[in-house]
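Visitor: Take 2 as the starting number for the sequence shown in the working numbering and just add one per residue.
Backbone N, C-alpha and C define an ideal beta-carbon position, used for all residues, glycine too.
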Amino acid sequence: MNMTHYMELLATNQPWNLLHYMVVPVVLAEALVAVEFFIVFYRKTSGPLKTTSKILSIVAGAYFTFAIFFPLLFTAIPTMKWRTGVDFIAVWSYLLGVVPLAGLALLELGWIGKNKTPDEQMKLHFLLLTVFLIVAHVAMIFGMVNPEILGNAAGGSM
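1) Nearest CA to the CA of residue 122: which residue from 96, 139, 54, 93?
2) Return yes when the Cβ of residue 63 is within less than 8 Å of the Cβ of residue 106, no when it is not.
3) Considering just the uninterrupted stretch of the alpha helix (DSSP H) at residue 22, what are its terminal residues?
4) Could you tell me if residue 149 is buried or exposed, where buried requires 16 or more neighbouring beta carbons within 10 angstroms of its beta carbon?
5) CA-CA distance, residue 1 and residue 134?
6) For residue 146, which three-state DSSP category applies?
7) Residue range of the alpha helix (DSSP H) that residue 81 falls in?
8) Does residue 141 come out as helix, strand or coil in the three-state DSSP assignment?
9) What span of residues does the alpha helix (DSSP H) with residue 107 cover, start to end?
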């Protein structure tokens, strides 16, 4: 069975690529989700939960942007030979995770949304986190699909 580039990236150099490209960003995002649920439930605008959320948001955004997105964008993507649309969707939905995660970091750093009320900032934070979870799950789902499902997949690797 052929693999998408996404799955090949995770399977290569075990366990390091899996940890770097999947475990770290997902653990940061899932921790942020857990904290965010409590923040929304208790309507917190300050305190330890809010501080934890801020730190997690900045770390997740910076990590995904500088340790994952830019390196892959400039090294892997230019040389990639796509293995059907499934492969394209898996890779680009994964890389699109940079938009909401960088947005979370920028929001917490006060570079965007600074004129919004705390309630509006909380909603934007929750929306960006939700968008990340959606694109990450799309990437995971399409990443596990055999690219040949949409036709003859060309071989090759990253």
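Guide: In terms of the structure at hand:
1) On the sequence shown, residue 122 is found 121 positions in, with the first residue counted as 1. The residue with the shortest Cα to Cα distance from residue 122 is 54.
2) In the sequence shown, residue 106 corresponds to position 105, counting from 1. In the sequence shown, residue 63 corresponds to position 62, counting from 1. Their beta carbons are under 8 Å apart, which means residue 106 touches residue 63 by this criterion.
3) Numbered from 1 along the sequence shown, position 21 holds the residue referred to as residue 22. Segment: none, residue 22 is in no alpha helix (DSSP H) and carries neither H nor E.
4) As a first step, residue 149 must be located in the sequence shown, where it is residue number 148. Per the 10 Å Cβ criterion, exposed.
5) Residue 1 cannot be examined here, being either before or after the span of the chain that is shown, 2 to 159.
6) Within the sequence shown, numbered from 1, the residue matching residue 146 stands at position 145. Here residue 146 sits in coil by DSSP.
7) Indexing the sequence shown from 1 puts residue 81 at position 80. From DSSP, residue 81 is part of no alpha helix (DSSP H); its letter is neither H nor E.
8) One-based indexing of the sequence shown puts residue 141 at position 140. When DSSP states are grouped into helix, strand and coil, residue 141 belongs to the helix group.
9) Taking the first residue of the sequence shown as 1, we reach residue 107 at position 106. Here the alpha helix (DSSP H) through residue 107 covers 99-109.
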